[in-house]
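Going by my numbering, the final residue of the sequence shown carries number 415, and the count climbs one at a time with no gaps. Glycine is no exception: its CB is placed at the ideal position from the N, C-alpha and C atoms.
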Amino acid sequence: PEHSSIRLICDLNDVAWWKRPDLIATRSSIVLPEFQSKMRLESKGNSIELIIDNLHSNDSGVYECETLGAIRLY
Numbered sequence: 342p343e344h345s346s347i348r349l350i351c352d353l354n355d356v357a358w359w360k361r362p363d364l365i366a367t368r369s370s371i372v373l374p375e376f377q378s379k380m381r382l383e384s385k386g387n388s389i390e391l392i393i394d395n396l397h398s399n400d401s402g403v404y405e406c407e408t409l410g411a412i413r414l415y
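What follows is the structure in structure tokens.
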């Protein structure tokens, strides 16, 4: 629902996060400045979570976590 938060969990290591065509976060776990006000990363054991706060309709789309040669879609 709008204005809530969502967590996308990636079980890959050393990942970049994308909402194509935009890069959201680098493989060194840095959220790019234009996304820092609503997105953050958390490490949980062997996974990395992308948390998107205050959801709006323009946040819908395909999100990907990607490492060298492997991709997960959400």
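Going by the DSSP bridge assignment, what does residue i pair with across the sheet?
| i | result |
| --- | --- |
| Arg348 | Ile392 |
| Ile412 | Glu407 |
| Asp363 | Lys360 |
| Ser398 | Partner(s): none; Ser398 has no beta bridge. |
| Leu373 | DSSP, once it has assigned bridges, lists no residue as partnering Leu373. |
Between the options, which lies nearest to residue i when the distance is taken from Cα to Cα?
| i | options | result |
| --- | --- | --- |
| Ala411 | Pro362, Leu391, Leu353 | Leu353 |
| Asn387 | Ala366, Asp363, Ile350, Trp359 | Ile350 |
| Leu405 | Arg361, Asp355, Glu375 | According to the sequence as given, residue 405 is Glu; it is not Leu. Selected option, being the one with the closest Cα: Arg361. |
| Arg413 | Asp363, Trp358, Ser345 | Trp358 |
| Lys379 | Leu364, Ser398, Val403, Ile392 | Ile392 |
| Gly402 | Ser345, Thr408, Tyr415, Asp394 | Tyr415 |
Assign residue i to one of two classes, buried (16 or more other C-beta atoms within 10 Å of its C-beta) or exposed (fewer than that).
| i | result |
| --- | --- |
| Val372 | buried |
| Val340 | Limits of the chain in this structure are 342 at one end and 415 at the other, which puts residue 340 out of reach. |
Can the beta-carbon of residue i be found less than 7 Å from the beta-carbon of residue j?
| i | j | result |
| --- | --- | --- |
| Glu383 | Glu390 | yes |
Measuring only from the beta carbon, is residue i closer than 6 Å to any heavy atom that is part of the ligand HEM?
| i | result |
| --- | --- |
| Ser384 | As presented, the structure is devoid of all ligands, the ligand HEM included, so that no description of it is given. |
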